[in-house]
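To convert, count from 1 in the sequence shown and add 2; that's this note's numbering.
Virtual Cβ for every residue (Gly too), placed ideally from N, Cα, C.
All remarks here apply to the structure that follows.
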Amino acid sequence: CDVTWTMTPNDVHLQYCANHKNSQQPSPEGLDETVVGKEHENFDPLDATHAVMTNGEALVNSTMGDPVELLIRDELSLWQDDFWINDRGYLASNKNVMVYGNWNDVPYQLERVTRWNKEATERIPINTTTTRDDLTWTLGESWRTEAEYQANLDAVGGISTQTNNK
């Protein structure tokens with residue numbers, strides 16, 4: 003699907019940034035304490051570049067299990083060091099049934115591995131700078147060996163779906 007990049011957040015971007023203000027995420031391994039996210043003030047939607055689906059949503063056929071048509075709605079927000087994904091998939095036949103995504107309207111919040119260089123001009127194309135050397139293996143085949151890729155996948159539990167194992 004086509005994506006439009008903008009510096010102007012839409013209502014969905016504004017809402018998920020507002021929802022994040024007081025959000026807390028459970029800590030891993032079932033610990034009793036709670037991990038509090040970064041301060042909301044660091045994630046002003048006006049300081050980010052946002053991607054929205056040009057047509058607002060897309061209909062696609064599911065690749066998991068039985069053939070089902072899904073309605074996809076996604077937004078992305080890029081700050082200098084962070085990347086948020088608001089990812090939702092619904093049954094096309096019943097838009098009230100969510101199949102996957104951000105169940106509580108809290109986007110996936112990731113640290114960026116690269117960032118755009120601000121020095122880009124019409125004569126100097128936009129390029130990226132690596133910010134997380136420990137994650138460069140995620141950038142593609144030219145950034146890793148096959149053995150390194152497999153070792154990193156194994157470290158996080160391997161391939162995540164049965165479909166990918168076929």
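In the three-state scheme derived from DSSP, where H, G and I count as helix and E and B as strand, residue 17 is classed as helix. Within 10 angstroms of the beta-carbon of residue 11 lie 16 or more other beta-carbons, which makes it buried. Comparing alpha carbon positions, the residue from 158, 103, 135 and 13 closest to residue 54 is 13. Counting along the chain, residue 111 sits inside the beta strand (DSSP E) bounded by residues 110-113. Under the three-state reduction of DSSP output, residue 79 falls in the strand class. Secondary structure note for residue 60: its beta strand (DSSP E) is the uninterrupted segment 60-63. Cβ contact annotation for residue 16 (same chain, cutoff 8 Å, sequence separation greater than five): 47, in chain order. Rounded to whole angstroms, the separation of the alpha carbons of residue 4 and residue 57 is 8 Å. Counting along the chain, residue 89 sits inside the beta strand (DSSP E) bounded by residues 84-93. Put simply, of 66, 62 and 81 the residue whose alpha carbon is nearest the alpha carbon of residue 52 is 81. Separation of residue 84 and residue 110 (C-alpha to C-alpha, rounded to the nearest whole angstrom) is 10 Å. Between residue 76 and residue 18 the beta-carbon gap is near 12 Å, outside 8 Å, which marks them as no contact. Between residue 61 and residue 93, the C-beta spacing is not below 8 Å.
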